[in-house]
Amino acid sequence: MKIEPTPESLYLSRRELLGAAAAAGLAACAPARNDIAATIPRVPRRFARNATYAIDRSLTDERIAASYNNFYELTSAKDVWKHTAGFRVDPWSVEIAGLVARPRRYGLEELLRMAHEERVYRHRCVEAWAMAVPWSGFPLARLLLAAEPAHAARYVRFLSFSDPAQQPGVAAKPWDHWPYYEALRLDEALHDLTFVATGIYGHTLPKQHGAPVRIVVPWKYGYKSPKSVVRIELVAGQPRTFWQDQAPVEYPFESNVNPTQPHPRWSQATERLIGTWEIRRTVLFNGYEKFVRHLYMDLNTSL
Ligand SMILES: Nc1nc2c(c(=O)[nH]1)N[C@H]1C(S)=C(S)[C@@H](COP(=O)(O)O)O[C@H]1N2
Ligand SMILES: [Mo]
-10 MKIEPTPESL YLSRRELLGA AAAAGLAACA PARNDIAATI PRVPRRFARN ATYAIDRSLT
50 DERIAASYNN FYELTSAKDV WKHTAGFRVD PWSVEIAGLV ARPRRYGLEE LLRMAHEERV
110 YRHRCVEAWA MAVPWSGFPL ARLLLAAEPA HAARYVRFLS FSDPAQQPGV AAKPWDHWPY
170 YEALRLDEAL HDLTFVATGI YGHTLPKQHG APVRIVVPWK YGYKSPKSVV RIELVAGQPR
230 TFWQDQAPVE YPFESNVNPT QPHPRWSQAT ERLIGTWEIR RTVLFNGYEK FVRHLYMDLN
290 TSL
């Protein structure tokens, strides 16, 4: 079997890829633009898996998850991994600011030293594709509570890194509302499921997944999980979000995964698993209903 330098080669199973690579000496001669393995960090960071959030889906192949991404700062196409070269993610820091008694800036090393765990989460993009991946990290509540939110704080706002010199997607669309901004209600942000991810598949994050630190909110559509976060602000009023400002009707603030509420341009009843493209039924709150239902007592008005 011969590996062609086309994206389709990424959809081969790992065994096929490794076998073919060994046979053909692929690692040594593959063109850089097709070398997805080179974009995946190899520093091991393995942590105990949290069994509370075990799911009934098998893991997405790592190379598939790392080759089909949304990260508009780098490109609005799915081959984000090909556009990561100029993006520098070290040194890095994350600032906790706004309505808190103890604002502070965490260096990346401090975040990496915090107690970590692994969580296999489902991920559901509003575009109706889905994956299941093992993140490593810790609950966002740990950073928020350490900052001592003021009584007036009701929402948490996130800002992603943005620099046209490092990110070709920002350079290509200077009129977009950079930096990417997202937000949650404070009670959502404090929920144990809301996760600060510093790793995936037992190593640090590839840039295409939002290195070196991103937020993961598994019961909401993927755009509510901002990548490459540099600032977390506690605020009183409901903030605007990047996608709301692009198209408010299509991407409302709350954006909980809900198969009965179609996107204005397509159904949300089913989803396709990236890589195999099998079709599965989408489930309310992306399968996390028993953990988050209490946050939304009035389903009719708050979904
Ligand atoms: N800063 C930033 N964060 C982002 C995005 C983005 O374009 N920029 N895309 C979002 C969308 S639409 C999805 S589906 C997820 C994709 O995460 P993944 O590529 O790690 O699967 O990231 C989200 N976070
Ligand atoms: Mo998405």
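Just so it is clear: in the sequence shown, position 263 is 252 by our numbering, and no numbers are missing. The beta-carbon is built from N, C-alpha and C at its ideal position, and this holds for glycine as well.
Residues that residue i bridges to, as DSSP identifies them
i	result
H192	P33 and I189
P123	V109
L173	V145
S82	G96
N245	K209
I221	I85 and F147
F184	P128 and V205
I268	R261
R361	Any question about residue 361 goes unanswered here, given that the chain covers just -10 to 292.
H283	DSSP lists no partner for H283.
H252	W255
W118	R261
P138	V89
T64	F60
Identity of the residue in the options nearest residue i by Cα
i	options	result
V205	Y110, P253, L175 and P251	Y110
A236	P253, T249, V224 and P228	P253
P201	Y212, G191, T187 and K209	T187
G158	R146, A258, Y61 and G191	Y61
S56	A90, K67, D165 and E106	K67
R220	W232, F147 and H166	F147
V78	I268, T28, W167 and A225	T28
A130	F150, M103, Q156 and D24	M103
I25	V32, R91 and A54	A54
R93	D165, F184 and L134	L134
E177	A37, L223, F150 and P153	L223
E267	A40, R46, N39 and T41	R46
R31	T193, Y210, R261 and F274	T193
Y190	E107, G96 and L97	E107
F150	T183, P163, V83 and A40	V83
L132	G96, Q227 and Y240	G96
Y210	A37, F36, E260 and V185	E260
H112	N58, V69, F36 and R38	N58
S244	W167, F36, E116 and E137	E116
Straight-line gap, residue i to residue j (C-alpha atoms, nearest Å)
i	j	result
T249	S214	22 Å
M286	Y169	30 Å
A142	H283	20 Å
I85	A139	13 Å
A258	P251	7 Å
G276	H198	22 Å
R350	W118	In the structure as shown, the chain starts at -10 and stops at 292, and residue 350 therefore has no counterpart that could be examined.
S2	E278	Confidence in S2 is poor, its pLDDT being 37 and thus under 50, which makes the residue's placement too unreliable to answer from.
K71	A160	16 Å
D181	S125	14 Å
D234	E51	32 Å
H105	L48	20 Å
N247	P207	12 Å
R174	L88	14 Å
Y144	R229	11 Å
S217	R203	5 Å
L100	R34	13 Å
Q155	Y212	21 Å
E171	P123	23 Å
W81	G264	32 Å
R91	S256	44 Å
V238	W232	10 Å
I44	P163	40 Å
A225	L273	29 Å
K297	P153	What the structure shows of the chain is the stretch from -10 to 292, and residue 297 is not part of that stretch, so it cannot be assessed.
T64	T73	9 Å
F127	D165	31 Å
C114	V281	18 Å
Y42	Q227	29 Å
L15	L262	With a pLDDT of 38 at L15, under the threshold of 50, the predicted position of this residue should be treated as unreliable, and no value is reported.
Using the beta carbon as the reference atom, which residues fall closer than 7 Å to any heavy atom of ligand 2, ordered along the chain? N59, C114, V115, E116, Y210, G211 and Y212
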